[in-house]
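Working notes for the structure below.
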Ligand SMILES: [Zn+2]
């Protein structure tokens, strides 16, 4: 155990710009990163506080310390409010607080829990740091007392010199007894769904009469709507990983990161962690977690509810962690695409895919360092591309649905399995436009992907709720309409509006559930807007003549009065009979790459590079799709796809605790509102 003189302060003046407060004025030792991130550490300002946590929520403390040349870090201690970090909020005592002296090796990560290095992969530093840099961690810390707390790190190098830095964080109190609690929390995440996407879905699904919408989307009927700021820790424009995790950790992550803070090691699974809503409420209230998506289940949005990694692309490890750490998250339902990560890859083939479609690879898997395993009580993991993960889920008691038919059988007559895994495609599922065409008898596209019998999101939602409702302690569910984003990236103006309709039909299922179970809170939001979509107006060429006008946008694009009102007919299945109507809604893109526009539907979806066996009929990208036949639209962004934007997005809330969601707020604020609703309750 360490006996560092924590309260001893060096006589020299702290130089705020140098960040570290050091005992010898000649030393160059610095602390270049202190986690959780704060403005106190970064700029010397106490406000605004960056990192906020609920009482008892676990998070890691970490510092990157660069000792003087020739020196090594031999000892360290974290303190909070001048006291060694021994605060334990939870009766379970999940927080690990021991501090062990480390000495010896030069470049390394130092684990507080064991005092041993955190494993070879965990100790590879990012480029540019001196070789004797130490990354030191105090895993799974928590604090119960509300308010702002000062975090200090003191590290000692081999010649005895101390180096110090401080930051701060806030514990956000829960207002106990504010009202009845929300037992069930359902988060609908429309990936890329900004106000324009919502509006387009309504225009197609409902239409207008006398200048008024003929009806509302279900999400429009929710009593509270606010606007959400979506930036990530390192950019005004977020990607989907922090876009989701910010809602369910209360903290900002860098782009590509989920359930973690940034660090200075290369390993993707060793970053300082922050506890998810699912983990927090599973530990405190024994709630279950359900994750449902139309994407590949390894994708950023689903993973950012249960998996801790700095690399959203590391699919093998991500899907393994879903199962292996289910005791932490309460994972009970996992449904979507992504079978390619669950199929064994016997040879660890590095070719684009194995013959069976497996994309499991050693390089995207993990073995966790011992301090994470001991601090967070995780499974250690294994590098096992040969793992049959579907069999392992079944071994763990999950029923497995491979298509809509088996999903129906599992949930027929009101019975439901205790746990459910559904994997309906190799990667992302087909989109509503193509699934519906398949159900109406034109299976061309879904057949080409090899999965003709995929459920719609409302059907997956109903099945998930049948499973989750069995837990008397309640559940957290995240249900994602993933391809609103994916098809907006591709600027496919016929496909993403139908994704909004599919998403809204799933919301209707949850609203009905919440009416039967009034202790349920449903929120509908997005991680970010995608594509800068703009509803320009409507086509003034009839659909039959559209093809004759592709190179002359001005003869097609009706604006203002000329647009009148688009008129779509809705079939009995809830989707437009066709999107190729007179007065078709025309959509422009403010965040677009170059593309060719015909204003007509594309028979095949544009190439999805995640698919192991994409159909050959797919155009490669919007840069070449309809080349020579379409109207050229010059882009403003590099690459061949539209990008996310920084625009605020709408959030709507229904049910128990919905009153907490109004005004304009940061995405991290949603976490504290959900925590309040689930633990302290909310006024009706
Ligand atoms: Zn996206």
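Numbering (the working numbering), first residue to last: 203 to 886.
Positions of the beta carbon are idealized from the N, C-alpha and C atoms, including for glycine.
Check, Outcome
"Residue 575 bridges to which residues according to DSSP?", "In the DSSP output, where bridge partners are listed per residue, residue 575 has none listed."
"Have a look at the DSSP bridge pairing and note the partners of residue 852.", "429"
"Which residues neighbour ligand 1 when neighbourhood means a C-beta less than 7 angstroms away from any of its non-hydrogen atoms? List them by chain order.", "393, 394, 441, 442, 687, 688, 691, 732, 846"
"Scan the segment 376-441 and note each continuous alpha helix (DSSP H) run of 4 residues or more that stays entirely inside, going in chain order.", "397-408"
"With distance defined between alpha-carbon atoms, name the residue in 574, 522, 673 nearest to residue 598.", "522"
"Quick one: what's got a C-beta closer than 6 angstroms to residue 441's C-beta in the same chain, skipping five residues either side?", "457"
"Out of 712, 671, 624, 532, which one is the CA nearest neighbour of residue 498?", "624"
"I need the straight-line Cα distance from residue 637 to residue 805, nearest angstrom please.", "13 angstroms"
"Quick check: the segment 506-522 against the segment 560-574, are there 3 or more CB pairs under 8 angstroms?", "yes"
"Quick one: using the 10 Å Cβ neighbour count with 16 as the cut-off for buried, is residue 359 buried or exposed?", "buried"
"Assuming residue 168 and residue 659 form a contact by the criterion Cβ under 8 angstroms, report the distance between their Cβ atoms to the nearest whole angstrom.", "Any property of residue 168 remains undetermined from this structure, which presents the chain solely from 203 to 886."
"If we ignore side chains and look at the alpha-carbon of each, how far apart do residue 643 and residue 780 end up?", "14 angstroms"
"Given residue 678, which residues of its chain have a CB within under 7 angstroms of its CB, disregarding the five upstream and five downstream residues?", "387, 479, 480, 483, 489, 491"
"What residues match up with residue 453 in a beta bridge as DSSP calls it?", "DSSP, once it has assigned bridges, lists no residue as partnering residue 453."
"From 250, 740, 663, 792, pick the residue whose C-alpha is nearest to that of residue 493; which is it?", "663"
"Does the beta-carbon of residue 281 have 16 or more other beta-carbons within 10 angstroms, so that it is buried, or is it exposed?", "buried"
"For residue 823 and residue 809, which I take to be in contact (beta-carbon distance under 8 angstroms), what is that distance rounded to the nearest angstrom?", "6 angstroms"
"In chain order, what residues of the same chain have a beta carbon less than 7 angstroms from the beta carbon of residue 558, not counting five sequence neighbours either side?", "545"
"Work out the CA separation of residue 786 and residue 695 for me, nearest whole Å.", "10 angstroms"
"For residue 885, which residues in the same chain have their Cβ closer than 7 angstroms to its Cβ, ignoring the five residues on either side in sequence?", "380, 381, 861"
"Quick check: the segment 341-357 against the segment 257-268, are there 3 or more CB pairs under 8 angstroms?", "yes"
"Which of the three DSSP states, helix, strand or coil, is assigned to residue 250?", "coil"
"Whole-angstrom Cβ separation of residue 574 and residue 472, contact assumed at under 8 angstroms?", "7 angstroms"
"Are the beta-carbon atoms of residue 693 and residue 844 separated by less than 8 angstroms?", "yes"
"May I ask you to report which of helix, strand or coil DSSP gives residue 841?", "coil"
"Apart from the five residues just before and just after residue 595, which ones in its own chain have a Cβ nearer than 7 angstroms to its Cβ?", "525, 602, 623"
"At the level of alpha carbons, what is the spacing between residue 777 and residue 788?", "18 angstroms"
"Please name the residue in 506, 376, 411 whose C-alpha comes closest to that of residue 349.", "376"
"From residue 548 to residue 536, what does the alpha carbon distance come to, in whole angstroms?", "24 angstroms"
"Could you give the DSSP three-state label for residue 263: helix, strand or coil?", "strand"
"With a CB to CB cut of under 6 angstroms and the five nearest residues on each side skipped, what residues in its chain are close to residue 728?", "392, 395, 851"
"DSSP three-state call for residue 446: helix, strand or coil?", "helix"
"Between the C-alpha atoms of residue 865 and residue 431, what's the straight-line distance to the nearest angstrom?", "11 angstroms"
"Three-state secondary structure (DSSP) at residue 490?", "strand"
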